[in-house]
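Numbering (this note's numbering), first residue to last: 53 to 821.
The block underneath contains the structure these notes are about, expressed in structure tokens.
As structure tokens, this is what we get:
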């Protein structure tokens, strides 16, 4: 008894130790940091995406939009310095170094590598002479040998053994990391919310497909009954009844398929239109600086992605559930007739899916390369169309066509590679599926010769196997197209993170803040473009603009005049300092309400392909009051004679799809647009630069009389435009160097005096000539 107790106690102690060891190992595995792969959504988004992976590795959740902001991304991407700075802003220790490949093997944390001279990837050493590369441009990580890594990492000079890298480490006081996974499901949640209004239609489609699937599954059963109870028992009447039942089943099956496919197309079209509306709403609510950091080809590529999503939903997404049910149900039918036959089919299916998933990484990588090169080709195609006149005048058509050919060649190569892997993948997969179905059929034939199976069972199994192979093919197509559809949905919905507008209703000072000043005040405002923090475009601007006054901003080209105007309009958010409107912080005001109070003419103002009337009113149709405002705006901008000369008058379509006015006429239309809204604040950026002196003088005079009481901020070079301003602000290298009236600044004999003297000298030369 004593021995048994001792043995029992020893076993108990051993089990407790084993349990504790397993528990500690499991906890260690769960707490261990893991580098997750994220995919970039823009051409120049590799740097911010690598940062997101690093932050996620250290337990910090950052959205794609926030990553762009932290890394100060521009259209040309990000610099190595901005990556290091962005990582440090989140508390991560980051250092840029030059090192050799042996140094990469010593780090346990991910290392950022400057890849092929124009790209960023993350690297992790996994085993002897092999590295795992997390490329944001690829769908999944890839494993490269040391030689393959060196060929892409070290590119600068022949024989160089060192490359550029950024090392990351956690802060010394950080012990616990919690991974925030809310972003991983945010896109899926948005898709579900957008699909919710169509749940009744989806239920109808699912029901119809369910009926169609059940009717299809009746086919082998009816065929077996017709042979067993009809042919062998010589029952012609039963055969005819079963034939009629089969025809009725086929009729209803195809009828439901036609109806469900049309319904699914309608639902998918409405759903994708809703996604596009969501995309454009996010696009319109984004800041100007954020949109300017995007490539045009990327944005247009995202819009075209909705077609892939629509095809996927209407063709594959709804039927996948019933394909799985069909496989399970008919596989059970095959199993009933013989387990050996079922195992042959199962092994073939397993081999087919193994081939499919072995090649899926290569297919995904090739497809993403194709999409990237497609976006780049689209960019240059847009430039050829939009810049056609400059190409003709500079005779540069052959040069840009050569570049397009080069990019198209790379696109064709990547497409050929993608098609090659897709064909190899689908061919091998389908080969194993069909090979297994052929083996099953021959097993059934052999079974008939040995009287193991009846002919009716052979027919039933043959039909079942054909349905199974067809459903398997549908599942393969679902997986292939599903990844494309998910990337498309992510690209379309990811812009939602850029909605940074603050929708509070505060446009007047809070009750607890006394009204001290009516107008706009800038207090130590600085601004720099993303990635250029060391090169401030505006430096500590302090300026007071009284309500109802006219303020002119002057200076040499590139001094920051237009940027200051855009900061005042809140098209650009100041990087430091404060802007007050009637004593209230403008950043806490409703941006939409502020824009409604402003009239604007920018240097790069745009004419839409619409009538002159709609280009001015920016709406369709006018009331009597609006018609009066339209007449006032047209008269003030001296457009009456121009409009009267046109056969259709203000109904004439202008823009790229209609009559293209001269640059001076375009400026007058833009001035009329700005005045039509009856603004409280009028911003004019070189609004009359394309007009002749006589017309400009008349319009300036009209504006002075028509906009009394309106606060006007004018950027101009010509002396005649600014001479009567209440305040003239002289900007030099992003700083205000002088401000005052025209007479006061002339007395100073400073920068403004030099500017006026130069202009007067040029004018006198022109008059002499």
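Note that CB positions come from ideal geometry on N, CA and C, so glycine has one too.
- Message: Residues in the same chain with beta-carbon distance under 8 Å from residue 703, minus the five sequence neighbours each way, listed in chain order, please.
- Response: A distance below 8 Å between beta-carbons, with the five flanking residues on each side excluded, links residue 703 to the following residues of its chain, in chain order: 663, 664, 665.
- Query: Bridge partners of residue 179, per DSSP?
  - Reply: Per DSSP, 182.
- Item | Neighbourhood of residue 786 by C-beta distance below 6 Å, restricted to the same chain and skipping five residues each side | Answer for residue 786: 588, 589, 590, 591, 612, listed in chain order.
- Which whole runs of the alpha helix (DSSP H) in the region 692-751 are 4 residues long or more, in chain order? Taking 4 residues as the shortest admissible run, the region 692-751 contains the following complete alpha helix (DSSP H) segments, listed from N- to C-terminal end: 692-697, 715-728.
- Query: Which whole-angstrom value describes the C-beta separation of residue 514 and residue 379, a residue pair presumed to lie in contact below a C-beta threshold of 8 Å?
  - Reply: 16 Å between Cβ atoms; not a contact.
- Item | With 16 other Cβ atoms within 10 Å as the buried cut-off, status of residue 652 | Result: buried.
- Message: For a test of the three-state rule: what should DSSP assign to residue 770, helix, strand or coil?
- Response: DSSP, reduced to helix, strand and coil, places residue 770 outside both helices and strands of the structure shown, so it counts as coil.
- Query: Could you give the C-beta distance for residue 404 and residue 485, rounded to a whole number, given that I count them as a contact under 8 Å?
  - Reply: About 5 Å; that satisfies the 8 Å criterion.
- Identified DSSP bridge partners for residue 575: Paired residue(s): 630.
- Per-residue DSSP class, three states only, for residue 871: With the chain covering 53 to 821 only, the question about residue 871 has no answer from this structure.
- Query: Contact between the region 719-726 and the region 738-748: three or more CB pairs below 8 Å?
  - Reply: With the cut-off at 8 Å, the region 719-726 and the region 738-748 touch.
- Message: Closest to residue 602 by C-alpha separation, out of 366, 511, 775, 501, would be which residue?
- Response: Nearest C-alpha to residue 602: 775.
- So, helix, strand or coil for residue 551, using DSSP? At residue 551 the pLDDT is 43, less than 50, meaning the model places this residue with poor confidence; the figure from the coordinates comes in the next sentence. Looking at residue 551 - three-state DSSP - the assignment turns out to be coil, as it is neither helix nor strand.
- Task: Please specify which runs of the alpha helix (DSSP H), each continuous and at least 4 residues long, are wholly inside the region 247-316, giving them in chain order.
- Result: 251-277, all fully within the region 247-316.
- Message: Buried or exposed, going by whether 16 or more other CB atoms sit within 10 Å of the CB of residue 236?
- Response: The predicted model places residue 236 with a pLDDT of 46, which falls under 50 and marks its position as unreliable, so this point remains unresolved.
- Query: With burial defined as no fewer than 16 other Cβ atoms inside 10 Å of the residue's Cβ, what is the status of residue 81: buried or exposed?
  - Reply: For residue 81, the predicted model reports a pLDDT of 45, less than 50, meaning its position is unreliable; a value from the coordinates is still stated below. By the 10 Å Cβ count, residue 81 comes out exposed.
- Item | residue 713 versus 695, 729, 469, 726, residue with shortest Cα-Cα distance | Answer by Cα proximity: 695.
- Query: At which residues does the beta strand (DSSP E) containing residue 591 begin and terminate?
  - Reply: Counting along the chain, the beta strand (DSSP E) containing residue 591 begins and ends at 590-598.
- Measure the beta-carbon distance from residue 610 to residue 661 and round it to whole angstroms, keeping in mind my assumption that it falls under 8 Å. Incorrect: roughly 32 Å between the Cβ atoms, too far for contact.
- Of the listed residues 338, 497, 322, nearest to residue 624 (C-alpha basis): Ranked by Cα distance from residue 624, the options 338, 497, 322 are led by 338.
- Item | Through-space distance from residue 540 to residue 790, alpha-carbon basis | Approximately 52 Å between the Cα atoms of the pair.
- Message: Less than 8 Å between CB atoms is the rule here; does residue 508 satisfy it with respect to chain B?
- Response: Among the chains of the structure shown, chain B does not appear; only one protein chain is present.
- Message: So if DSSP puts residue 220 in a beta bridge, which residue, or which two residues, is it bridged to?
- Response: 146.
- Item | Local Cβ density within 10 Å of residue 582, reported as buried at 16 or more and exposed below that | When all chains shown are included, residue 582 counts as buried.
- Coil, strand or helix - residue 319 by DSSP: Of the three classes helix, strand and coil, the one that applies to residue 319 here is helix, per DSSP.
- Query: Quick check: the region 350-370 against the region 315-327, are there 3 or more CB pairs under 8 Å?
  - Reply: Short answer: they touch.
- Item | Among 760, 101, 394, the one whose alpha carbon lies nearest that of residue 186 | Closest by alpha carbon: 101.
- Enclosing beta strand (DSSP E) for residue 652 [first to last residue]: 650-653 is the extent of the beta strand (DSSP E) around residue 652.
- Message: Quick check on residue 96: does DSSP put it in helix, strand or coil?
- Response: Residue 96 carries a coil assignment under DSSP once its states are collapsed to helix, strand and coil.
- residue 151 by DSSP, collapsed to three states: which one? Correct three-state label for residue 151: strand.
- Which residue comes first and which comes last in the beta strand (DSSP E) that contains residue 784? Here the beta strand (DSSP E) through residue 784 covers 779-784.
- Message: If you follow the alpha helix (DSSP H) that residue 515 is in, where does it begin and where does it stop?
- Response: Element bounds for residue 515: 507-545.
- Three-state class that DSSP yields for residue 646 in the structure shown: Correct three-state label for residue 646: helix.
- Query: Leaving out five residues before and five after residue 401 in sequence, what residues of the same chain have Cβ atoms less than 7 Å from its Cβ?
  - Reply: Listed in chain order, the non-local C-beta contacts of residue 401 below 7 Å within the same chain comprise 485, 488, 524, local neighbours out to five positions each way being set aside.
- To the nearest whole angstrom, what separates the beta carbons of residue 362 and residue 407, a pair I think is in contact under 8 Å? About 30 Å; that fails the 8 Å criterion.
- Uninterrupted alpha helix (DSSP H) stretches inside the region 375-449 (no shorter than 4 residues): Taking 4 residues as the shortest admissible run, the region 375-449 contains the following complete alpha helix (DSSP H) segments, listed from N- to C-terminal end: 391-438, 440-446.
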